[in-house]
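In the working numbering, the protein residues as written are 5 to 219. Glycine included, C-beta positions come from ideal geometry on N, C-alpha and C. No experiment lies behind these values; they were computed from the predicted model shown. Comments concern the structure below.
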Ligand SMILES: NC(=O)c1ccc[n+]([C@@H]2O[C@H](COP(=O)([O-])OP(=O)(O)OC[C@H]3O[C@@H](n4cnc5c(N)ncnc54)[C@H](OP(=O)(O)O)[C@@H]3O)[C@@H](O)[C@H]2O)c1
């Protein structure tokens with residue numbers, strides 16, 4: 005991306021986002037974020053615009069979305085999502101705000117164990133979801149409700165969902181690419197780089213793919 009763009013990012017203090025924000029800033033873009041605790045971010049970084057707030061205490065979305073070129077959600081609160089679909093409620097408010105401001109491109113990061121609309125997980129992924137990853141079921145159900153909403157009610161928006169498989173915050177293990185069936189256990193850094201590339205990939209629009217390392 006050579007033209008200077010504005011990225012509006014939710015989940016800025018999370019493990020994927022810290023890498024995502026660095027990529028965008030290093031390329032000379034402007035990054036606007038909503039953070040519950042701005043002290044977790046370095047407010048002296050040029051081109052990083054920090055707004056304090058929570059998605060559960062509806063922020064002024066018109067103010068946040070205005071002037072954005074890309075909207076990115078790397079949100080997660082596994083504990084709260086055990087009982088509440090906070091991301092779905094939020095995205096249902098976010099999309100109308102995007103429409104009001106003519107902002108179309110939206111990347112949402114879900115998990116590899118979140119099933120895309122009208123499709124089942126493979127038996128292996130289903131087994132993992134219901135055993136060792138059981139603690140995140142609420143988060144996956146929330147992600148699935150977001151994907152259903154996007155597919156049923158937001159086809160006018162250029163959304164793309166990355167169903168990431170993340171295992172560690174280590175160094176890069178390679179380049180991820182979209183896959184409908186294969187998922188790699190990637191690093192946060194590689195997932196962030198994949199998200200960053202997806203945003204400028206028109207073939208990723210209206211997909212809910214997994215990601216797998218290029219051979
Ligand atoms: N972690 C994994 O291993 C993994 C694997 C695959 C997919 N995913 C998916 O990736 C997405 C993000 O996960 P992650 O692990 O990268 O995130 P994370 O490190 O858990 O960070 C989540 C981010 O969301 C923010 N957040 C949570 N509740 C918020 C609220 N009410 N208002 C504003 N911000 C809020 C957190 O802010 P605070 O700093 O204030 O908490 C944090 O910045 C999720 O959909 C998850 O299903 C994660």
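C-beta atoms of residue i and residue j nearer than 7 Å
i: residue 181; j: residue 123; result: no
i: residue 200; j: residue 165; result: no
i: residue 55; j: residue 38; result: yes
i: residue 184; j: residue 213; result: yes
i: residue 146; j: residue 92; result: yes
i: residue 12; j: residue 101; result: no
i: residue 121; j: residue 167; result: no
i: residue 230; j: residue 140; result: Not covered by the structure: residue 230. The range shown for the chain is 5 to 219.
i: residue 118; j: residue 162; result: no
i: residue 203; j: residue 74; result: yes
i: residue 177; j: residue 142; result: no
i: residue 14; j: residue 58; result: no
i: residue 69; j: residue 33; result: no
i: residue 17; j: residue 192; result: no
i: residue 189; j: residue 174; result: no
i: residue 51; j: residue 27; result: no
i: residue 209; j: residue 158; result: no
Residue span of the beta strand (DSSP E) that contains residue i, given as start and end
i: residue 34; result: 34 to 39
i: residue 168; result: 162 to 168
i: residue 182; result: 180 to 183
i: residue 214; result: 212 to 217
Any non-hydrogen atom of ligand 1 closer than 6 Å to residue i Cβ
i: residue 173; result: no
i: residue 47; result: no
i: residue 58; result: yes
i: residue 80; result: yes
i: residue 101; result: no
i: residue 196; result: no
i: residue 40; result: yes
i: residue 17; result: yes
i: residue 4; result: Coverage of the chain is limited to positions 5 through 219, which leaves residue 4 absent and any answer about it impossible.
i: residue 170; result: yes
i: residue 115; result: yes
i: residue 83; result: no
i: residue 88; result: no
Host alpha helix (DSSP H) of residue i (start-end)
i: residue 15; result: First-last for residue 15: undefined, no H or E at that position.
i: residue 81; result: From DSSP, residue 81 is part of no alpha helix (DSSP H); its letter is neither H nor E.
i: residue 202; result: 192 to 203
i: residue 7; result: Note, residue 7: premise wrong, no alpha helix (DSSP H); not H, not E.
i: residue 28; result: 21 to 30
### Task
Output the residue ranges of the beta strand (DSSP E) runs that lie fully inside the region 48 to 76 and measure 3 residues or longer, sorted by chain position.
52 to 56
### Query
What are the uninterrupted segments assigned as alpha helix (DSSP H) that are 4 or more residues long and contained completely in the region 100 to 170, given in chain order?
127 to 133, 141 to 157
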